[in-house]
Amino acid sequence: MGNLIPLLGNKKLFATADGSISFYNLSYEEAYHAKSIGAYTESLYKYVMASNIVDRLREKPIKLLDIGFGLGYNLAVTIEKTKGLKNRLSITSLEKDPEIIEIVKNSIFLWPVYGYKVLRILLENGSFENYDFKLNIGDARKYILSCKNRYDVIFFDPFSKRNNAEMWDEDLISKLYHILNHGGVIATYACSKRIRKDFSKAGFSFKEIPNLPDGFQSGTIFYK
């Protein structure tokens, strides 16, 4: 019968290079993470380290907007690396697909173990120790365009512009500029000249994410 690929709804499971597990979304025809690098490694370098959120949280309470919860790696790694810090991390996370949330709640193969343990508590209770968590299930674009809150760090991790164009248009990028606090950063895997130009038109400065492993496609840090 050949190899059977595990399917959960419209999602196909696969192992990535660092041993962490990700999925391929059949509806968007796109993986949640780069197989050649690893889901954990991608979150660590392109979001947690790139945003410098650990040092930021050492200095003061931080408000984080997580756009594209997905499999939760960006938040789980953040929690793992900020364990034991005293300042409050207030997280707002946006996700369109409720099915992926159930996968995170019920999957035992996701790591880092501590990060996912706390993330599951937050999904159920909304708070744990110095973490506050709000999950918005629905249209992320609508939430952002109507948002009146401001954030210190934004993880911008929707599907690509090719497959999810409405999350990369001029109106949304302009709104991101207005809801990001001065001194704040947006971390994203995207690195195309076109996307960097679109963010620059909205007022952002940018730099490539430094110190990536060999062979790792660069992401971008936007700031104001």
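Under the working numbering, the first residue of the sequence shown is numbered 11, with each subsequent residue one higher.
For every residue, glycine included, the Cβ atom is placed at its ideal position computed from N, Cα and C.
Closest Cα partner of residue i within the set the options
i, options, result
"Y233", "L222, I189, G225 and L18", "I189"
"G94", "E139, L85 and V114", "E139"
"F119", "L99, F214 and S32", "S32"
"E39", "D28, N20 and G48", "N20"
"S53", "S215, S210, N35 and Y199", "Y199"
"E180", "G193, F165, V163 and G213", "G213"
"P122", "H192, G48 and S184", "G48"
"G80", "Y161, K171, N35 and T26", "N35"
"A25", "K45, L18 and N159", "K45"
"V195", "S61, H43 and L18", "S61"
"A10", "E112, T92, I164 and L67", "Coverage of the chain is limited to positions 11 through 234, which leaves residue 10 absent and any answer about it impossible."
"L23", "H192, E105 and S117", "S117"
"A41", "I219, L186, K211 and S170", "S170"
Own chain, CB closer than 8 Å to residue i, minus 5 neighbours either side, in chain order
i, result
"P168", "I77, G78, A150, N174, M177 and W178"
"Y126", "G82, A86, V114 and L120"
"R130", "V114 and K115"
"G12", "In this prediction, G12 has a pLDDT of 43, which is less than 50 and means its spatial position is unreliable; nothing more can be read from the coordinates."
"V58", "V64, N84, V87, T88 and K91"
Contacts around residue i, its chain only, beta-carbon distance under 7 Å, and the 5 residues preceding and following it disregarded
i, result
"L222", "Y55 and S228"
Proximity test, residue i beta-carbon vs the ligand GDP heavy atom, cut-off 7 Å
i, result
"E176", "The model depicted lacks the ligand GDP and carries no ligand whatsoever."
Under 8 Å between C-beta atoms of residue i and residue j
i, j, result
"I147", "P108", "yes"
"K217", "I205", "no"
"L99", "L132", "no"
"V128", "I89", "yes"
"R68", "D162", "no"
Extent of the continuous beta strand (DSSP E) to which residue i belongs
i, result
"L23", "K21 to A25"
"S32", "I31 to N35"
Residues near residue i by beta carbon distance below 6 Å, same chain, minus five either side
i, result
"C201", "S228, G229 and T230"
"Y50", "D28 and S30"
"T102", "L75 and K144"
"P71", "N97 and R98"
"G225", "none"
Span of the alpha helix (DSSP H) around residue i
i, result
"Y126", "V123 to N135"
"Y50", "A49 to S53"
_In chain order, each alpha helix (DSSP H) run of at least 4 residues that lies wholly inside the region 187–227_ = Counting whole runs of 4 or more residues, the region 187–227 contains the alpha helix (DSSP H) stretches 203–211.
*Considering only residues of the region 137–194, which uninterrupted beta strand (DSSP E) runs meet the minimum length of 3 residues and lie entirely inside it, listed in chain order?*
141–147 and 161–166
*Counting only runs that start and end within the region 66–110, where is the beta strand (DSSP E) found for 3 or more residues in a row?*
72–77 and 99–105
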